[in-house]
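The structure appears right after this line, and notes come after that.
2 protein chains.
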Amino acid sequence: MATTEKNKTKKQLIREAAARLFRDKGYSATSMRDLADAVHLKASSLYNHISSKEEILKDICFENAQRFLATMEEVERTQASATEKVKALLRLHIHTATEDITSVTAFNDEWRHLSEPYLSEFKALRKNYEGRFQAIIEAGIRSGEFQAVEPAIALYTLFSAVRWLYDWYKPGKKIGAEALEKQVCGLLMQGLGRK
Amino acid sequence: MATTEKNKTKKQLIREAAARLFRDKGYSATSMRDLADAVHLKASSLYNHISSKEEILKDICFENAQRFLATMEEVERTQASATEKVKALLRLHIHTATEDITSVTAFNDEWRHLSEPYLSEFKALRKNYEGRFQAIIEAGIRSGEFQAVEPAIALYTLFSAVRWLYDWYKPGKKIGAEALEKQVCGLLMQGLGRK
DNA sequence: CCTACCGATCGGTAGG
DNA sequence: CCTACCGATCGGTAGG
Numbered sequence: 004m005a006t007t008e009k010n011k012t013k014k015q016l017i018r019e020a021a022a023r024l025f026r027d028k029g030y031s032a033t034s035m036r037d038l039a040d041a042v043h044l045k046a047s048s049l050y051n052h053i054s055s056k057e058e059i060l061k062d063i064c065f066e067n068a069q070r071f072l073a074t075m076e077e078v079e080r081t082q083a084s085a086t087e088k089v090k091a092l093l094r095l096h097i098h099t100a101t102e103d104i105t106s107v108t109a110f111n112d113e114w115r116h117l118s119e120p121y122l123s124e125f126k127a128l129r130k131n132y133e134g135r136f137q138a139i140i141e142a143g144i145r146s147g148e149f150q151a152v153e154p155a156i157a158l159y160t161l162f163s164a165v166r167w168l169y170d171w172y173k174p175g176k177k178i179g180a181e182a183l184e185k186q187v188c189g190l191l192m193q194g195l196g197r198k
Numbered sequence: 004m005a006t007t008e009k010n011k012t013k014k015q016l017i018r019e020a021a022a023r024l025f026r027d028k029g030y031s032a033t034s035m036r037d038l039a040d041a042v043h044l045k046a047s048s049l050y051n052h053i054s055s056k057e058e059i060l061k062d063i064c065f066e067n068a069q070r071f072l073a074t075m076e077e078v079e080r081t082q083a084s085a086t087e088k089v090k091a092l093l094r095l096h097i098h099t100a101t102e103d104i105t106s107v108t109a110f111n112d113e114w115r116h117l118s119e120p121y122l123s124e125f126k127a128l129r130k131n132y133e134g135r136f137q138a139i140i141e142a143g144i145r146s147g148e149f150q151a152v153e154p155a156i157a158l159y160t161l162f163s164a165v166r167w168l169y170d171w172y173k174p175g176k177k178i179g180a181e182a183l184e185k186q187v188c189g190l191l192m193q194g195l196g197r198k
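As structure tokens, then:
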């Protein structure tokens, strides 16, 4: 029905405006009045499209978690080397950080404002993803592709190394998306020092 | 006077409890009642020691900024190679993240809740530090010590690569502070891939 | 250091 | 989709 379609669109608009506000001010400092202003509604009208502030956060967090896990599944199924697998995941992180406004919320700390049982559920998904990422790193160390680092340290260093992108990479930047991925991957895989 | 000494101590206790709460819940989600509970006072009694919630944030942010700039000054004065300078700064970041509870607030995004003119002032200090860090990276590229990466990309990658430490490095961990610094520095300078 | 309390703002609902 | 409004909670003050 047309009404359903329209509602869906509006809900999507609200969600994206919310993601932008959560990124800029944080979840707690974003009021429903702020969000309403951003989509040119009164606060009470938001509730025709969403059921609560937390629902927005929850949807954003879990949608992103599912997307990352789906890519992990794909990467695991390939017969690529550990190096190629890590690079593929890094590219996913970089690409998402620069292209999807909602990903920042899900990965740069706002998920902690989820209440139970969502908080535990989200943390479990996150831990699952991290564990599988770490397994790839461990396989790479065993195969001799990677240096003999502590896998957990490597995992979290890679993870957070790309966390600045969301507020640095603006459309106006001279560097292209591909060049950015190449530089960051290169830096993390080869290091800053010259060979 | 004894009273002054006592007040100072209590103020320090409040500040540390605040830093812990800001880290765990974020600045906005931390209420003065939360903070009062943490130091076993009523909310109104906090105001005998501090003048506002934002004052605590402001003090934490600027104190950390000054400390980082002071170390930058020291590092710049040495005649060390770019590699040694970058390592010294990385060690500062790693050490601070694991040892000083207040540093998280200043560097992991809570500073954005400062109001003007403090916000602009803090951002200027931050930009100053980043510019000087980037100059060291540029010198290292010119001298041939570093790969020919985009300096800004290298800067922010190093910067955020250590941002996970504050919630991972707990006293119970088996890895020592020195080993941690060595591993993270090694990873960022040499990369994950084997030579 | 506390009790008592302030106006402002919060997320959300009622009712049309 | 709006006006009108709810109880709860916010940062902070008065006064002792």
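Residue numbers (this note's numbering), protein chains in the order written: chain A, 4 to 198; chain B, 4 to 198. Beta carbons: idealized from backbone N, C-alpha and C, even for Gly.
Interface residues of chain A facing residue i [CB-CB closer than 8 Å]
i	result
V187 (chain B)	I156 and T160
M192 (chain B)	G194, L195 and G196
Proximal residues to residue i (C-beta, below 7 Å), its chain only, five neighbours per side dropped
i	result
R166 (chain B)	N111
H116 (chain A)	Y30, S31 and L60
L49 (chain A)	I17, M35, L38 and A39
Y132 (chain A)	F71, L72 and M75
L128 (chain A)	A68 and L72
L191 (chain A)	L93, L161 and A164
E141 (chain A)	P154
Y121 (chain B)	K61
G175 (chain A)	none
Closer than 7 Å at the beta carbon, the chain A residues around residue i
i	result
S163 (chain B)	S163, A164, R166 and W167
R197 (chain B)	G147, E148, F149 and Q150
T86 (chain B)	G196
E153 (chain B)	I178 and Q186
Residues near residue i by beta carbon distance below 6 Å, same chain, minus five either side
i	result
F136 (chain A)	L158
C64 (chain A)	A109, W114 and F125
K88 (chain B)	V78 and I139
G196 (chain A)	none
D27 (chain A)	none
L95 (chain A)	T74
Own chain partners of residue i with C-beta closer than 8 Å, once the 5 adjacent residues on each side are dropped
i	result
E148 (chain B)	S84, A85 and T86
A151 (chain A)	I144
H98 (chain A)	A180 and E184
T6 (chain B)	Legend: pLDDT at T6 (chain B) = 46, less than 50; position of this residue unreliable, no value from coordinates given.
I104 (chain B)	E19, A22, R23 and R26
Whole-number beta carbon distance between residue j and residue i, since they are thought to touch under 8 Å
i	j	result
A41 (chain A)	A22 (chain A)	That pair is no contact at about 11 Å.
A164 (chain B)	A164 (chain A)	4 Å
F25 (chain A)	E102 (chain A)	With a Cβ gap of about 17 Å, F25 (chain A) and E102 (chain A) do not count as contacting.
K14 (chain A)	H43 (chain A)	Not quite, the Cβ-Cβ distance comes to about 15 Å (not below 8 Å), so this is no contact.
V107 (chain A)	Y169 (chain A)	4 Å
Q186 (chain B)	G194 (chain A)	Wrong, their Cβ atoms sit about 13 Å apart, outside the cutoff.
E57 (chain A)	S146 (chain A)	Contact flag wrong, Cβ pair sits at about 44 Å.
K45 (chain A)	C188 (chain A)	Contact flag wrong, Cβ pair sits at about 46 Å.
Identify each residue in the region 20-36 of chain A for which the Cβ-Cβ distance to at least one residue of chain B is less than 7 Å, and report them in chain order. Here the close residues are G29, S31 and A32.
Taking a Cβ distance cut-off of 9 Å, strictly less, list which residues of the region 100-131 of chain A are near chain B, in chain order. Listed in sequence order: N111, D112, E113, R115 and H116.
With a floor of 3 residues, list each beta strand (DSSP E) that falls wholly inside the region 34-72 of chain A, ordered by position along the chain. Taking only runs of at least 3 residues, no beta strand (DSSP E) segment lies wholly in the region 34-72 of chain A.
Return the chain-ordered ranges of every alpha helix (DSSP H) run that is complete within the region 96-125 of chain B and spans a minimum of 4 residues. For the region 96-125 of chain B, whole alpha helix (DSSP H) runs of length 4 or above, ordered along the chain, are 104-110.
Complete runs of the alpha helix (DSSP H) confined to the region 149-189 of chain B [at least 4 residues]: Along the length of the region 149-189 of chain B, whole alpha helix (DSSP H) runs at least 4 residues long occupy 154-164 and 168-171, reported in chain order.
Could you give the uninterrupted runs of the alpha helix (DSSP H) lying entirely in the region 13-37 of chain A, keeping only those of 4 residues or more? With a minimum length of 4 residues, no continuous alpha helix (DSSP H) run stays inside the region 13-37 of chain A.
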